[in-house]
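Chemist: Taking our numbering, I'd label the letters of the sequence shown as residues -7 to 329.
Glycine is no exception: its CB is placed at the ideal position from the N, C-alpha and C atoms.
Would you mind keeping the following structure in view while I ask a few things?
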Amino acid sequence: MMYPNAVTAPFKEVQPGLFHPAPLATLPPDSGCHFELYLGLPWRMGRRYILFKAADTELTMKKRQQLMENGVTTLYVRDDDAGVYYEFVDRTIGQVLASEKTSYEEKSKVLYQTSYALVRSTFERPQSPMLIATNEKMVTHTVSMLAAEPTVLRTMVSLFAFDYSLYTHSVHVAVLGTGLLLDSRSHTAETAKNMAMGFLLHDIGKSRVPADIVRKPGMLTPWEIRQMEKHPDFGAGLMQSHETIHPHALEIIQNHHESLDGSGYPRHLTADAQSLETRVCCVADVFDALTSHRVYKPAMRAYDAIQNMMTRMKEKLDQDIVEHLIHQLGPNATRSV
């Protein structure tokens, strides 16, 4: 087994357990991250974890740079240290976002990568109050930045991953949906935060659908489709146990696959039974799905996706919101063009 050149200290291999991803973007050098950090190395059907940094040592600029030069973009923390890590993330990200020396592009990149890591962990442990609370903090940071500087949305969209994954899709829908709400002036930044949690966790119910169905690299069978269509109800059920999740966020999670003409699922609601926030989520969800590459379906260009939403999906999607999406992305939208 070859290890990255950056790793020069003695190794300590640990038994597999629950680890949380810690992107390097969330770990500034010499910033007092007093918790263990691990390398996650491919091993058989999963990973094995090697201690990279002890709790009483510092992640120096040199060590961090060596990791990056060797293609290591993510370290891992033990579940026992997750609380300390997420508190550290909230503190350091707050400092990054408050800094006038940091560009909006760099701030956007840090928020995007951190939100991705959090969503990934939350899908593994959707009933964790600690993870929900940390997601709420990241949502607050994201909404505040989008509200303060509207052009940030286009910056964040330019960072969107091209290939579809459940976790990046969740972040994309949260960014797009929040931008749409703020653009429509139907919500202040304060109220938009509650809705953004619904956007971010709209697919959390897929954590209760068999993984071989969720990750299937091809079209689903009729039986598999029926199983997949249970995820909105699963998601609402999972999030009901969290007192901080707003009722409107729960509604978004449960109804984000409904259509204006009643052809959606799971309850076949028509337009008059769907909230504005749910309709916003539907538009953001469809746009990101159409412009993301999958094994069985190439990504559409942003322009073609919008045209599809305005013609073939005209009776299913709120066209006023689609118009807001065009305004938000601008004439030179970079997603999949």
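In chain order, what residues of the same chain lie with their CB nearer than 8 Å to the CB of T52, ignoring the 5 residues before and after it?
Modeler: Here residue 52 is taken as the residue at index 60 of the sequence shown, counted from 1. So the list reads P21, D22, once near-sequence residues are dropped.
Chemist: Give the straight-line distance between the Cα atoms of A263 and L252, rounded to the nearest whole angstrom.
Modeler: Position 271 of the sequence shown holds residue 263. Position 260 of the sequence shown holds residue 252. If I take the Cα positions, the gap works out to 4 Å.
Chemist: CA-CA distance, I124 and M148?
Modeler: In the sequence shown, the residue the question calls residue 124 occupies position 132. In the sequence shown, the residue the question calls residue 148 occupies position 156. So the two alpha carbons sit approximately 22 Å from each other.
Chemist: How big is the Cα-Cα spacing for F27 and D48?
Modeler: The residue you call residue 27 lines up with position 35 of the sequence shown. The residue you call residue 48 lines up with position 56 of the sequence shown. When rounded, the distance between both Cα atoms is 7 Å.
Chemist: Going by CA-CA distance only, name the one from E243, Q232, I205 that's closest to Q219.
Modeler: Against the sequence shown, residue 219 aligns to sequence position 227. Taking only the C-alpha atoms, the option nearest Q219 is I205.
Chemist: Buried or exposed: which applies to E61, given that a residue is buried once 16 or more other Cβ atoms fall within 10 Å of its Cβ?
Modeler: Numbered from 1 along the sequence shown, position 69 holds the residue referred to as residue 61. Exposed, since its Cβ has fewer than 16 Cβ neighbours within 10 Å.
Chemist: Which class does R112 belong to by DSSP, given the choice of helix, strand or coil?
Modeler: Position 120 of the sequence shown, counted from the first residue, corresponds to residue 112. Reduced to three states, the DSSP call for R112 is helix.
Chemist: Entirely within the stretch 263 to 300 and at least 4 residues each: give me those alpha helix (DSSP H) ranges in chain order.
Modeler: 268 to 282
Chemist: Any heavy atom of the ligand ATP closer than 7 Å to the beta-carbon of V144?
Modeler: This structure simply doesn't include the ligand ATP, nor any ligand for that matter.
Chemist: Under 8 Å, do L151 and L317 count as touching if we go by C-beta distance?
Modeler: For the purposes of this step, residue 151 is identified with residue 159 of the sequence shown, where counting begins at 1. For the purposes of this step, residue 317 is identified with residue 325 of the sequence shown, where counting begins at 1. Result no, Cβ atoms of L151 and L317 do not sit closer than 8 Å.
Chemist: Do L29 and L67 have their C-beta atoms within less than 8 Å of each other?
Modeler: Reading the sequence shown from its first residue, position 37 is the one you call residue 29. Reading the sequence shown from its first residue, position 75 is the one you call residue 67. It is a contact, given that the beta carbons lie within the stated cut-off.
Chemist: For T106, which of L19, L242, P258 has the nearest alpha-carbon?
Modeler: Taking the first residue of the sequence shown as position 1, residue 106 is located at position 114. Comparing Cα positions, the closest option is L19.
Chemist: Name the residue from H238, A181, V69, G190 whose alpha carbon lies nearest to the alpha carbon of T134.
Modeler: Taking the sequence shown and counting its residues from 1, the one referred to as residue 134 is at position 142. Of H238, A181, V69, G190, the residue nearest in Cα terms is A181.
Chemist: State the Cα-Cα distance for the pair L16 and R259, rounded to the nearest angstrom.
Modeler: The residue given as residue 16 occupies position 24 in the sequence shown. The residue given as residue 259 occupies position 267 in the sequence shown. Answer to the nearest angstrom: the Cα atoms are 42 Å apart.
Chemist: To the nearest angstrom, report how far apart L138 and T94 are at their CA atoms.
Modeler: Locating residue 138 in the sequence shown gives position 146, counting from the first residue. Locating residue 94 in the sequence shown gives position 102, counting from the first residue. Each residue's Cα considered, the two are about 16 Å apart.
Chemist: Could you check if H319 is buried or exposed, using at least 16 other CB atoms within 10 Å of its CB as the buried criterion?
Modeler: Within the sequence shown, the letter at position 327 stands for residue 319. Burial call: exposed.
Chemist: Take the Cβ of Q266 as the centre, count every other Cβ of all protein chains shown within 10 Å, and call the residue buried at 16 or more, exposed below.
Modeler: Taking the first residue of the sequence shown as position 1, residue 266 is located at position 274. Counting Cβ neighbours within 10 Å, Q266 comes out buried, since at least 16 surround it.
Chemist: Give the straight-line distance between the Cα atoms of G38 and R207, rounded to the nearest whole angstrom.
Modeler: For the purposes of this step, residue 38 is taken as the residue at position 46 of the sequence shown. For the purposes of this step, residue 207 is taken as the residue at position 215 of the sequence shown. Computed Cα separation, rounded: 16 Å.
Chemist: Spatial neighbours of G322 within its chain, please: CB distance less than 7 Å, with the 5 preceding and 5 following residues excluded, ordered by chain position.
Modeler: Taking the sequence shown and counting its residues from 1, the one referred to as residue 322 is at position 330. Taken in chain order, the residues that qualify are R146.
Chemist: So what does DSSP say about T0, is it helix, strand or coil?
Modeler: On the sequence shown, position 8 is the one that residue 0 refers to. For T0, the pLDDT reaches just 39, beneath the cut-off of 50, and the residue's location in the model is therefore unreliable, although a value from the coordinates is still provided. It is coil, neither helix nor strand.
Chemist: Give the straight-line distance between the Cα atoms of E92 and S178, rounded to the nearest whole angstrom.
Modeler: Within the sequence shown, the letter at position 100 stands for residue 92. Within the sequence shown, the letter at position 186 stands for residue 178. Each residue's Cα considered, the two are about 29 Å apart.
Chemist: If you draw a straight line from the alpha carbon of D225 to that of L10, how long is it in whole angstroms?
Modeler: Indexing the sequence shown from 1 puts residue 225 at position 233. Indexing the sequence shown from 1 puts residue 10 at position 18. So the two alpha carbons sit approximately 27 Å from each other.
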